[in-house]
Amino acid sequence: MFPDSSNAALRRLLPVVGAGAALLAIASAPWALDRPWLNVAFKPLATLCVIAWAALGRSDDGLVKRWIVIGLVCSLAGDVALLWPVQGFLVGLVAFLLAHMAYLVALTRRVKFLASPPAFGVWAIVAASVLARLWTGVPPELRAPVIVYVCALSGMAAQATSVWLARRSQPDAARWRAVAVGGGLFVLSDAILATDKFVGGIPMPTLSNLSTYWLGQWFIACAAVRTRETA
């Protein structure tokens, strides 16, 4: 059965609450309100709203939904870890690595892995370009974890693109286009975060990083629900 009216009303409210929480988390930055406690309070809440929206939606594939929700929960763990940018960086990296692996499992339920070699080729070039930009600023002890993470992230984005390309003539093409855009936004968000951390020079990094991050997560979450619910 479709979600009852209370669940449907809650799902309509969650994007509004999530957007408000995201704005407050972003406003915690020194160039805005300079209130770090806003980030602590509202950054996890913004991701919790995405999790609840996906979990309460009706899915046409229970395993896809399960793995997308698992990925979002891992992302929440990463968000919490990165509230401590130095001490929690490696923990956050592992949590988001697990998130991308969960997303990959979900996406391979739609098309096989490496179904579109050109998509993987393009994203491999993007990943290599990002790594080249960061490399001199990455501490030696973090280089191996960063390489593994970038491979998983770009692989997830490439697989999301592959699903969209395979289904672009299907009735649910818009849904998978959104997921592909979400994968791209996640890559952009992490590129901004990593550049700010290892190279510097990003103006208002909290704004650009977190806005693209949460948009990416919302779009990826569309994989968990039926097209008629995401329209």
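The C-terminal residue of the sequence shown carries number 236 in this note's numbering, and the numbering is unbroken.
Just so it is clear, CB atoms sit at the ideal spot from N, CA and C, and this is done for glycine as well.
With fewer than 16 neighbouring CB atoms inside 10 Å of its own CB, Gly-126 falls in the exposed class. Judged by pairs of C-beta atoms under 8 Å, the stretch 32-41 does not touch the stretch 66-84, as fewer than three such pairs exist. Note that the C-beta distance between Trp-58 and Leu-19 is below 8 Å. Each of Leu-193, Phe-224, Val-186, Ile-31 was checked against the Cα of Lys-48, and the nearest Cα belongs to Ile-31.
Residue nearest to Leu-112 within the set Gln-92, Ile-130, Trp-169, Leu-215 is Trp-169 (criterion: CA-CA distance). Looking from the CA of Tyr-154, the closest CA among Val-186, Gln-164, Asp-195, Arg-182 belongs to Asp-195. The criterion of a C-beta distance shorter than 8 Å is not satisfied by Trp-140 and Ala-162.
The DSSP-derived three-state label of Val-143 is coil. At a Cβ-Cβ threshold of 8 Å, Ala-229 and Lys-117 do not count as neighbours. The C-beta of Ile-73 has 16 or more other C-beta atoms within 10 Å across all chains shown, which makes the residue buried. Relative to Arg-115, the option among Ala-132, Leu-190, Arg-173, Leu-147 whose CA is nearest is Arg-173. Under the three-state reduction of DSSP output, Leu-38 falls in the coil class, being neither helix nor strand. Per DSSP, the continuous alpha helix (DSSP H) segment holding Trp-72 begins and ends at 67-86. Nearest Cα to Gly-97 within the set Val-78, Ser-213, Asn-12: Val-78. Considering only Gly-221, Thr-211, Leu-119, Arg-17, the residue with the shortest C-alpha distance to Leu-43 is Thr-211. Here the alpha carbon of Ala-178 sits roughly 17 Å from the alpha carbon of Ala-124.
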